[in-house]
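Participant: If you use our numbering, the sequence shown corresponds to residues -15 to 96, in order.
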Amino acid sequence: MAATLTMAMGTIVLKSTCASQATIDTSAFVVQELNIVGSRCGPFPEAMKLLEDGSLDVSKYISAVFPLERVAEALEMARSRGCLKVQLAIAPSELSAATGEPPAKRPRAGVS
């Protein structure tokens, strides 16, 4: 599925702590010249501490936050030039506190 959602010459990041064998059709990766990058887990306790005490500002990396029911709009924004990350909010508490406005189209600190 990731290959069909990625633009030509784009990058797909495989994020998992489980390494298991899988069989895939590589034709889409070759034809679209896609890059595949593996990403392993880092030092979570240290990262969580930095997030909690405000030492690590990740807000600059989040371009927008959308409720799950607006996933199509979120994906459209994620495809736009200059967008770094779009977050899907599962719980209402994850959305902007602003009333009557669409989801925050600005960074939210401490959320990744």
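We treat Cβ as the ideally placed atom computed from N, Cα and C, and that holds for glycine.
What whole-angstrom Cβ distance do Ala12 and Thr(-12) have, given they're in contact under 8 angstroms?
Facilitator: 7 angstroms
Participant: According to DSSP, is Leu18 helix, strand or coil?
Facilitator: coil
Participant: Could you tell me whether the Cβ atoms of Val55 and Met61 are closer together than 7 angstroms?
Facilitator: no
Participant: Looking at the ligand MN, does it come within less than 6 angstroms of Glu17, judged from the CB to the closest heavy atom?
Facilitator: Questions concerning the ligand MN fall outside what the structure shown contains, since it holds no ligand whatsoever.
Participant: What is the rounded straight-line gap between the Cα of Met(-15) and the Cα of Asp9?
Facilitator: In this structure, the straight-line span from the alpha carbon of Met(-15) to that of Asp9 is close to 11 angstroms.
Participant: Near Pro51, what residues of its chain come up, given a Cβ to Cβ distance below 8 angstroms and the 5 sequence neighbours on each side ignored?
Facilitator: Cβ contact annotation for Pro51 (same chain, cutoff 8 angstroms, sequence separation greater than five): Leu72, Ala73, Pro76, Leu79 and Pro87, in chain order.
Participant: Indicate the three-state DSSP secondary structure (helix, strand or coil) for Ser11 in the structure shown.
Facilitator: helix
Participant: For the stretch 31 to 81, which segments carrying the alpha helix (DSSP H) assignment without a break, of at least 4 residues, lie completely within its bounds, in sequence order?
Facilitator: 55 to 62
Participant: Output the distance between the C-alpha atoms of Leu(-2) and Ala(-8), rounded to the nearest integer angstrom.
Facilitator: 17 angstroms
Participant: Could you check what DSSP says for Thr(-10) in three-state terms: helix, strand or coil?
Facilitator: coil
Participant: Just confirm the distance between the C-beta atoms of Leu18 and Tyr45, as a whole number of angstroms; I'd bet it's less than 8 angstroms.
Facilitator: Cβ-Cβ separation between Leu18 and Tyr45: approximately 23 angstroms, too far for a contact (criterion under 8 angstroms).
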